[in-house]
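Visitor: Those protein sequences? They're chains H and A, same order as listed.
Under this note's numbering, residues 1 to 170 are what the first sequence spells out, in order.
Under this note's numbering, residues 171 to 282 are what the second sequence spells out, in order.
By construction, the Cβ of each residue, glycine as well, lies at the ideal position given by its N, Cα and C atoms.
One structure, as structure tokens, below. Some questions next.
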Amino acid sequence: MNEDSVTLAAAARDGDHRAFAALVEMYWLRLAQAARSIVGPADADDAAQEGLINAWRKIKRLRDPANFEAWIYQIVIRRALRGTSWRRKFLLDGLIRGREHTPDPSQAVDIWRILSRLSPRQRAVLHLTLAEGMTDSEIADILGIAAGSVRSHRRKALLRAEELTREDRS
Amino acid sequence: MTTLPSESRQFKQQFREWAAQPVATCPRTAARRITDRVRSRHRQLWHWAAATAAFAAIAVGSYLLHPRPEQQARHHTLPLSQPSDVVIDCIGSDAQVYFIITAPEAYGGSSG
Chain H
1 MNEDSVTLAA AARDGDHRAF AALVEMYWLR LAQAARSIVG PADADDAAQE GLINAWRKIK
61 RLRDPANFEA WIYQIVIRRA LRGTSWRRKF LLDGLIRGRE HTPDPSQAVD IWRILSRLSP
121 RQRAVLHLTL AEGMTDSEIA DILGIAAGSV RSHRRKALLR AEELTREDRS
Chain A
171 MTTLPSESRQ FKQQFREWAA QPVATCPRTA ARRITDRVRS RHRQLWHWAA ATAAFAAIAV
231 GSYLLHPRPE QQARHHTLPL SQPSDVVIDC IGSDAQVYFI ITAPEAYGGS SG
């Protein structure tokens, strides 16, 4: 995290809307991409937006502005995970997924079709590991689970993803 | 069935490419939308607070203006030595007392 974002995070904590907007601009792409890996392409922007609004409401509780990046990831990713559990609870996931998703013909394997068959937490672990390059303890902090559980989720997710990739090809 | 190392590598690579694709909303638009929603929520909270304060003021005002039980009119019928002649009613609060004198005709009786 650079010095600018630490200063902005401190200003946002003191109630500065513009500083928070600048932070949103800075982190939006990565947070929306993370949300997309968890909730899917159709709901990614809404999930990231809801998470960021939630973050603004809680910003007074940010103890150390230097820790803003991990803090904002935690809020947005946990919000996205809650969103998926709500969808599953009301049995809408299958219906929505069928309606919204059109596979990308440029890809050899339909990644979201595979990801959607993993648990939301497995998807989050895959994203934070493969796309963000975070360590197990960083991921554990974000998801609020043990580092051992992170490894277990990743192993199971990769095995299942490979299995589904083979099915896709055959 | 065992997994070939190349399959795992391939999936990881394809996942990285998929995850790195741009999202639908650009950062500036997202920041503006979020700030607008945060501000409109602030406005909603102010409106809600103002409406609550107005309601509370009306409730307190109506309580203060409404006469309390001890101030409400008391109604007495005074005993008379000759009750067939007239009925004197006394209505009033601590501050004011009204006497209502009703002739027996009003009851359908006869005056003496």
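Could you tell me whether any Cβ in chain H is nearer than 8 angstroms to the Cβ of Val-230/A?
Guide: No, because no Cβ of chain H sits closer than 8 angstroms to the Cβ of Val-230/A.
Visitor: Taking the Cβ atom as the reference point for each residue, do Thr-205/A and His-17/H lie within a distance shorter than 8 angstroms?
Guide: Contact flag set, yes.
Visitor: Verify whether the separation of the beta carbon atoms of Leu-164/H and Ile-114/H is less than 8 angstroms.
Guide: Taking 8 angstroms as the Cβ cut-off, Leu-164/H and Ile-114/H qualify as a contacting pair.
Visitor: Is Glu-162/H buried or exposed, if buried means 16 or more other CB atoms sit within 10 Å of its CB?
Guide: Buried: at least 16 other Cβ atoms inside 10 Å.
Visitor: Can you tell me where the alpha helix (DSSP H) holding Asn-54/H begins and where it ends?
Guide: Looking at the DSSP string, the run of the alpha helix (DSSP H) that includes Asn-54/H is 44 to 58.
Visitor: Between Arg-169/H, Ala-140/H, Thr-135/H and Leu-130/H, which has its C-alpha nearest Glu-187/A's C-alpha?
Guide: Among Arg-169/H, Ala-140/H, Thr-135/H and Leu-130/H, the Cα nearest to that of Glu-187/A is on Leu-130/H.
Visitor: My assumption, with CB atoms under 8 angstroms, is that Gly-51/H sits in contact with Val-76/H. Please give the rounded CB distance.
Guide: About 3 angstroms separates the two Cβ atoms, so the contact holds.
Visitor: Below 6 angstroms CB to CB, which residues in the same chain sit around Ser-178/A once its five sequence neighbours on both sides are set aside?
Guide: So the list is empty, once near-sequence residues are dropped.
Visitor: Considering Cα atoms alone, identify which of Ala-32/H, Ala-10/H, Ala-12/H and Leu-118/H is closest to Ala-190/A.
Guide: Of Ala-32/H, Ala-10/H, Ala-12/H and Leu-118/H, the residue nearest in Cα terms is Ala-32/H.
Visitor: So, using beta-carbon positions, are Asp-43/H and Thr-195/A closer together than 8 angstroms?
Guide: Contact flag unset, no.
Visitor: Are any of the Cβ atoms in chain A nearer than 8 angstroms to that of Val-39/H?
Guide: Taking Cβ atoms only, chain A never reaches closer than 8 angstroms to Val-39/H, which makes this a no.
Visitor: Can you tell me the Cα-Cα spacing of His-153/H and Ala-34/H, whole angstroms?
Guide: Each residue's alpha carbon lies about 16 angstroms from the other.
Visitor: From the beta carbon of Trp-188/A, is the nearest beta carbon of chain H less than 8 angstroms away?
Guide: It does: the Cβ of Trp-188/A has a partner Cβ on chain H nearer than 8 angstroms.
Visitor: In three-state DSSP terms, what is Leu-234/A?
Guide: It is helical.
Visitor: Could you work out which residues of chain H lie near Phe-225/A, taking near to mean beta carbons separated by less than 8 angstroms?
Guide: In chain order: nothing, as chain H lies at least about 25 angstroms away.
Visitor: Taking 8 angstroms as the threshold (C-beta atoms), are Leu-8/H and Ala-19/H in contact?
Guide: Yes.
Visitor: Rounded to whole angstroms, what is the Cα-Cα separation between Ala-22/H and Trp-71/H?
Guide: Looking at the two C-alpha atoms, the distance is approximately 16 angstroms.
Visitor: Is Tyr-73/H closer than 8 angstroms to Ile-145/H when the C-beta atoms are compared?
Guide: No, Cβ-Cβ distance for Ile-145/H and Tyr-73/H is not below 8 angstroms.
Visitor: Along the alpha helix (DSSP H) that carries Glu-162/H, what are the first and last residues, could you check?
Guide: 147 to 169 is the extent of the alpha helix (DSSP H) around Glu-162/H.
Visitor: Of all the CB atoms in chain A, is at least one closer than 8 angstroms to the CB of Ala-9/H?
Guide: By this cut-off, Ala-9/H is not an interface position.
Visitor: So Arg-151/H and Asp-136/H are supposed to be a Cβ contact under 8 angstroms. How far apart are they, rounded?
Guide: Indeed they touch by this definition, with Cβ atoms about 6 angstroms apart.
Visitor: When the distance is taken between beta carbons, is Ile-59/H closer than 8 angstroms to Arg-13/H?
Guide: Yes, they are a contact pair.
Visitor: Spell out whether any CB of chain A is found under 8 angstroms from the CB atom of Ala-74/H.
Guide: A quick correction: the sequence has Gln, not Ala, at residue 74/H. No, Gln-74/H does not count as interfacial toward chain A.
Visitor: For chain H, is any of its Cβ atoms less than 8 angstroms away from the one on Ser-178/A?
Guide: It does; some Cβ of chain H falls within 8 angstroms.
Visitor: Could you give the distance in angstroms between the alpha-carbon of Pro-197/A and the alpha-carbon of Met-26/H?
Guide: In a straight line, the C-alpha of Pro-197/A is about 7 angstroms away from that of Met-26/H.
Visitor: In whole angstroms, what separates the C-alpha of Gln-183/A from that of Phe-68/H?
Guide: Going from the Cα of Gln-183/A to the Cα of Phe-68/H covers about 29 angstroms.
Visitor: Kindly indicate which residue of Arg-203/A, His-236/A, Val-193/A and His-217/A has the alpha-carbon position closest to the one of Trp-56/H.
Guide: Closest option to Trp-56/H, Cα to Cα, is Arg-203/A.
Visitor: Closest by CA to Ala-174/H, which one among Arg-78/H, Val-6/H, Val-125/H and Ala-11/H?
Guide: There is simply no residue 174/H to check, as chain H begins at 1 and stops at 170 in what is shown.
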